[in-house]
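Structure first, then comments.
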Amino acid sequence: MVKVVVDSTADIPAEWCEQFDISIVPLFVRFGEETFRDGVDITRDEFYTRLVDSESMPATSTPTPGAFLEVYERLAQETDAILSIHLSGKLSSTVEVARQAAAMVPQVRIEVVDSQYIAMVMVYMAIAASEAARAGASLDELVQLVNDIRQRSVLYVGLDTLRYLEKGGRIGKVRAFLGTLLNVKPIIVLRDGENQPLEQARTHKRMLVRMAELANAHGPLEKLAVLYTSKRETGEALVDQLTQVSHFPRERIDVVQMGGVIGAHVGPGGIGVVAIRQQDSRSRR
Amino acid sequence: MNNLDTTNVWSEQWDGTRLLHALQAAEQWLKQHVPLINALNVFPVPDGDTGTNMYMTLSAAVRNVTPTTSCAQMSEQVYRGALMSARGNSGVILSQILRGLAQGLADHDQCGAAELAGALVQASVTAYRGASEPREGTILTVIREASEAAQTALDQPEANLPSVLAAAVDGARASVERTPTLLKVLRDAGVVDAGGQGLYIILEGMLRWVRGEVVELAHEATITQDFAVAFKDIHGEDDFGYCTNVLLRGSHLPFEEIRQHITGNGTSVVVVGDSSLIRIHVHTLRPGDILNYAVQFGELLHIEITNMNQQRAHLALARNGQESTTANNVEPALRVDTPAVAEDDSLNTVGLVAVAPGDGFAQIFRSLRVGAIVNGGQTMNPSTQDLLEAIESLPQHDIIVLPNNSNIIMAAQQAAALTTRQVQVLPTRTVPQGIAALIGFGYQRDIAENITAMQRAMERVITAEITTAVRDALVDGVQVRSGQTIAVLNGMLIAASDEHQQVIDTLLERMQIENLDIVTVYYGAHVSAAHGQELADRLHQRYPDAEIEVRSGGQPFYDYILSAE
Chain E
1 MVKVVVDSTA DIPAEWCEQF DISIVPLFVR FGEETFRDGV DITRDEFYTR
51 LVDSESMPAT STPTPGAFLE VYERLAQETD AILSIHLSGK LSSTVEVARQ
101 AAAMVPQVRI EVVDSQYIAM VMVYMAIAAS EAARAGASLD ELVQLVNDIR
151 QRSVLYVGLD TLRYLEKGGR IGKVRAFLGT LLNVKPIIVL RDGENQPLEQ
201 ARTHKRMLVR MAELANAHGP LEKLAVLYTS KRETGEALVD QLTQVSHFPR
251 ERIDVVQMGG VIGAHVGPGG IGVVAIRQQD SRSRR
Chain R
286 MNNLDTTNVW SEQWDGTRLL HALQAAEQWL KQHVPLINAL NVFPVPDGDT
336 GTNMYMTLSA AVRNVTPTTS CAQMSEQVYR GALMSARGNS GVILSQILRG
386 LAQGLADHDQ CGAAELAGAL VQASVTAYRG ASEPREGTIL TVIREASEAA
436 QTALDQPEAN LPSVLAAAVD GARASVERTP TLLKVLRDAG VVDAGGQGLY
486 IILEGMLRWV RGEVVELAHE ATITQDFAVA FKDIHGEDDF GYCTNVLLRG
536 SHLPFEEIRQ HITGNGTSVV VVGDSSLIRI HVHTLRPGDI LNYAVQFGEL
586 LHIEITNMNQ QRAHLALARN GQESTTANNV EPALRVDTPA VAEDDSLNTV
636 GLVAVAPGDG FAQIFRSLRV GAIVNGGQTM NPSTQDLLEA IESLPQHDII
686 VLPNNSNIIM AAQQAAALTT RQVQVLPTRT VPQGIAALIG FGYQRDIAEN
736 ITAMQRAMER VITAEITTAV RDALVDGVQV RSGQTIAVLN GMLIAASDEH
786 QQVIDTLLER MQIENLDIVT VYYGAHVSAA HGQELADRLH QRYPDAEIEV
836 RSGGQPFYDY ILSAE
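Chains E and R, in that order, are what the protein sequence lines are. If you're matching positions, the first sequence starts at 1 in this note's numbering and goes up one per residue. If you're matching positions, the second sequence starts at 286 in this note's numbering and goes up one per residue.
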């Protein structure tokens with residue numbers, strides 16, 4: 001049976017890890033001299049407390065090849081095929097490190113996949129892959145499955161401030177939003193694996209309204225998730241908005257806190273929405 | 286001149302020269318009436334005055350024409366000029382009237398009674414066609430009724446050009462007098478329509494020329510303040526070294542500091558601009574030092590360095606008659622042109638043009654990715670040409686124009702019709718509407734999708750303005766005395782008082798801020814930041830739930846412009 005690996009930027013809730021037998025390789029977050037394994041050595045709440053209090057910006061770095069090697073070699077004792085799903089190669093070289101490590105474990109077939117996304121998109125990919133693997137799907141079929149989910153995914157991020165994205169060096173094309181002389185809230189779309197500026201909202205409230213509209217515009221939806229950083233209530237407010245504009249059942253909206261690596265760039269007060277479109281009739285045919 | 290002999294051949298039959306003289310006489314007559322026409326403004330706020338706008342439109346149109354004896358060619362030139370010089374809605378309609386005249390005279394080298402009457406009818410038809418929602422009781426009614434009167438006069442025995450023109454003038458006067466019966470706002474204000482009055486004056490000016498009553502056609506030279514510095518004006522023969530020109534763009538540029546530094550490091554120094562755009566001209570032996578200095582403040586949009594020793598040699602050659610070159614067309618030693626819009630602007634597939642009435646607003650617009658700013662607004666309506674140049678300065682093919690003033694919308698639409706670019710005018714009537722629209726701008730959307738989204742964003746915003754009444758008036762049921770503080774909410778005058786505070790309080794109440802999320806206070810050029818903050822503090826005390834922002838708008842005449850949504 002194929003085994004599934006993700007990196008820590010999937011921010012997969014702990015209970016799903018166990019339930020779906022998904023292994024995690026952590027990236028690193030460093031505050032000054034202190035280095036933490038993302039989601040292992042520091043809880044998400046601890047991270048945001050430090051992020052807000054810290055004078056310096058945290059630095060983030062990829063997992064070591066050794067960390068991948070360790071996971072791959074452990075899984076190689078149970079299986080001959082591994083699907084390793086990672087955050088967009090345009091945002092991090094984690095996927096490259098994974099490929100290097102995979103080449104060092106010839107006894108097992110490892111498909112390293114660039115999800116072109118972050119966070120819950122990776123989780124939905126991993127869960128679907130894990131379920132399909134249990135049903136007997138081959139590694140090639142899983143890669144196809146993941147590619148199909150990628151095609152149906154959208155991810156919007158609303159920022160309270162551009163500061164963290166800028167200092168973290170991931171601003172990319174979103175620099176278009178820099179220097180706005182009014183206090184506006186930028187909305188970013190993750191497209192083609194990179195951050196792209198989408199539009200701005202005059203207030204936090206309008207930002208939530210717009211993000212709900214944007215996500216809902218892709219309906220009918222198969223999956224819907226709200227990502228929050230430091231404030232759970234912001235996430236709940238977005239859930240309220242989504243429930244108002246869409247027919248998607250409230251209890252099926254996954255509300256997940258972003259972890260350290262993603263959170264270091266999104267910054268406190270940031271919010272995200274992930275939607276996976278239902279397979280439309282065209283792709284079923 | 287034989288003043289009163291109306292049977293004179295030249296007054297019965299015009300060629301191109303006479304047509305031009307008649308229009309130039311009309312321009313002079315209009316000029317004398319500008320204050321009177323401006324006083325007919327219904328709204329007691331300082332804004333782009335009809336008389337000024339019509340005069341500036343006509344004035345530019347009757348200059349810079351190439352002499353021709355053909356009425357067809359002359360009227361065509363005048364209309365083309367007016368198309369570019371049109372300012373304000375009345376100026377745009379005037380340009381359409383001149384266009385109709387040109388259409389009517391298209392096949393006529395000479396213009397007599399019948400041609401004039403026909404051209405006036407065509408002028409009326411074209412002007413009506415040009416208006417998206419023609420309203421009666423305006424300049425449109427006046428041109429129509431003037432043309433009808435001219436037609437009637439043409440049917441009279443022994444009709445000639447003077448009699449037809451005189452009938453048109455009479456028809457126009459009577460029509461102007463009737464405008465208050467057609468438009469309630471005029472009736473309430475106790476005035477006739479200003480644009481109609483302007484047209485009547487123009488026709489009367491032409492008639493006076495026919496009758497020999499206006500003889501002074503002399504034009505005094507117009508002084509235009511050009512941002513760019515003409516090379517020959519500041520270069521002498523003895524200059525040496527490198528003439529260095531830099532166009533620097535940035536935000537919060539320390540203008541005075543930069544000016545002083547440049548002055549201390551070269552000769553023939555000219556530094557002009559503002560805190561967002563500075564043009565530097567300096568003669569120096571070390572041009573690289575100037576570039577290195579400037580680049581630390583922002584982006585160098587244009588760099589041009591000329592070796593003046595070389596240039597002096599060219600001049601000497603020119604003086605000796607060996608080469609007809611001037612200082613102006615010496616090849617620069619180095620010319621670097623970066624596109625007017627920075628590289629990452631390629632993100633905008635849709636370009637943005639906005640009219641900004643003040644430096645603060647201009648900076649805010651730039652920060653919202655507007656590629657071309659046209660200075661102007663309430664008190665100074667930009668011409669079609671100003672808007673056209675802004676449109677064509679952008680690298681994008683698809684462009685959205687934000688006029689940000691109801692009296693600039695028509696000129697913007699006219700500019701849009703004159704370019705090969707794909708231009709949409711989003712009819713923003715206030716600066717807050719323009720800013721709201723820009724915040725609704727989407728980077729990944731095409732022009733049509735953006736127009737829809739920006740329109741929605743613009744409609745959400747409430748605009749309030751605090752200014753001083755420039756005349757007595759009764760508007761929207763409010764009695765206003767000149768000099769009083771007045772408040773305008775979404776274009777409606779809602780309060781007037783000698784007590785500044787009272788007006789602000791009334792305004793805040795009417796805005797129902799308790800139901801709004803955010804209020805932005807833009808303070809004017811003559812208001813201190815401290816006063817702006819004071820108003821914001823009071824807003825915050827009264828409405829603790831609303832987000833309050835204070836920014837410098839830099840607008841003239843208007844103490845405060847408030848935006849709320």
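Using N, Cα and C, we set each Cβ at its ideal position, and we do this for glycine too.
Hey, how far is the Cα of residue i from the Cα of residue j?
i: Arg303/R; j: Ala435/R; result: 19 Å
i: Ala324/R; j: Val406/R; result: 29 Å
i: Leu492/R; j: Gly475/R; result: 28 Å
i: Leu159/E; j: Gly267/E; result: 7 Å
i: Pro841/R; j: His537/R; result: 20 Å
i: Gly636/R; j: Arg372/R; result: 23 Å
i: Gly397/R; j: Tyr485/R; result: 20 Å
i: Asn633/R; j: Ala307/R; result: 48 Å
i: Thr437/R; j: Ala453/R; result: 9 Å
i: Ile85/E; j: Ile276/E; result: 17 Å
i: Ile424/R; j: Glu819/R; result: 44 Å
i: Arg458/R; j: Leu488/R; result: 10 Å
i: Thr611/R; j: Val555/R; result: With a pLDDT of only 35 at Thr611/R, under 50, the local geometry of the prediction cannot be trusted, and the value read off the model is given with reservation. Computed Cα separation, rounded: 21 Å.
i: Thr529/R; j: Thr669/R; result: 33 Å
i: Val6/E; j: Met120/E; result: 11 Å
i: Leu847/R; j: Ser61/E; result: 46 Å
i: Thr161/E; j: Pro197/E; result: 13 Å
i: Ala831/R; j: Ala849/R; result: 10 Å
i: Leu182/E; j: Phe646/R; result: 11 Å
i: Thr292/E; j: Ile590/R; result: Any answer about residue 292/E is impossible in this case: the structure gives chain E only from 1 up to 285.
Out of the options, which one is the CA nearest neighbour of residue i?
i: Gln729/R; options: Glu15/E, Val143/E, Leu181/E and Gln200/E; result: Gln200/E
i: Tyr578/R; options: Leu379/R, Thr548/R and Asp757/R; result: Thr548/R
i: Ser735/R; options: Ile747/R, Thr748/R and Ala721/R; result: According to the sequence as given, residue 735/R is Asn; it is not Ser. Closest by alpha carbon: Ala721/R.
i: Gly456/R; options: Asp683/R, Val427/R and Met743/R; result: Val427/R
i: Glu443/R; options: Glu750/R, Ala399/R, Gly301/R and Leu585/R; result: Ala399/R
i: Leu585/R; options: His785/R, Ile563/R and Thr423/R; result: Ile563/R
i: Ser678/R; options: Ala346/R, Ala814/R, Thr704/R and Gly661/R; result: Thr704/R
i: Val638/R; options: Met665/R, Thr664/R, Asp783/R and Leu673/R; result: Leu673/R
i: Met104/E; options: Val71/E, Met1/E, Ala59/E and Val189/E; result: Val71/E
i: Arg99/E; options: Pro63/E, Ala133/E and Met125/E; result: Pro63/E
i: Ser230/E; options: Lys3/E, Lys173/E and Gln257/E; result: Gln257/E
i: Glu794/R; options: Ile803/R, Ile779/R and Arg496/R; result: Ile779/R
i: Arg544/R; options: Arg534/R, Ala311/R, Ile565/R and Gly415/R; result: Ile565/R
i: Pro106/E; options: Ala81/E, Met207/E, His265/E and Arg252/E; result: Ala81/E
i: Ser92/E; options: Ala76/E, Ser115/E and Glu111/E; result: Ser115/E
i: Pro688/R; options: Gln681/R, Arg756/R and Gln699/R; result: Gln699/R
Our contact map puts residue i next to residue j with C-beta atoms below 8 Å; I'd like the distance itself, whole angstroms only.
i: Val835/R; j: Gly817/R; result: 5 Å
i: Pro712/R; j: Ile694/R; result: 5 Å
i: Ala215/E; j: Val123/E; result: Contact flag wrong, Cβ pair sits at about 16 Å.
i: Met1/E; j: Arg109/E; result: Not a contact, Cβ separation roughly 13 Å.
i: Gln278/E; j: Leu242/E; result: Actually they are not in contact, since the Cβ atoms of Gln278/E and Leu242/E sit about 16 Å apart, beyond 8 Å.
Starting from the beta carbon of residue i, find every residue of chain R whose beta carbon is closer than 7 Å, and list them in chain order.
i: Gln200/E; result: Ile724
i: Gln151/E; result: Correct list: empty, because the minimum Cβ distance to chain R is about 18 Å.
How would you list, in chain order, the residues of chain E whose beta-carbon sits under 7 Å from the beta-carbon of residue i?
i: Ser536/R; result: Gly179
i: Glu799/R; result: Near Glu799/R there are no residues of chain E at all, since even the closest Cβ is about 15 Å away, more than 7 Å.
i: Glu850/R; result: Arg202
What residues from chain E crowd round residue i, counting only those whose CB sits closer than 9 Å?
i: Ile736/R; result: Neighbours of Ile736/R on chain E: none; closest Cβ ~14 Å, over 9 Å.
Residues of chain E with CB closer than 8 Å to the CB of residue i, please, in chain order.
i: Ile803/R; result: Arg202 and Thr203
i: Glu744/R; result: Those do not exist, as Glu744/R stays about 13 Å from chain E at its closest Cβ, beyond 8 Å.
For the region 203–215 of chain E, enumerate the residues whose C-beta is nearer than 8 Å to any C-beta of chain R, in chain order.
-> Against chain R - using a Cβ distance shorter than 8 Å - the residues of the region 203–215 of chain E are Thr203, Lys205 and Arg206.
The region 637–662 of chain R: positions lying closer than 8 Å to chain E by Cβ | Gln648, Ile649, Ser652, Leu653 and Arg654
Relative to chain R, which residues along the region 165–192 of chain E have a C-beta separation below 8 Å, given in chain order?
-> For the region 165–192 of chain E, the residues whose beta carbon sits under 8 Å from a beta carbon of chain R are, in order, Lys173, Arg175, Ala176, Gly179, Thr180, Leu181, Leu182, Asn183, Val184, Val189 and Arg191.
Give the residues from the region 819–838 of chain R that approach chain E closer than 8 Å (Cβ to any Cβ), ordered along the chain.
-> Glu832, Glu834 and Arg836
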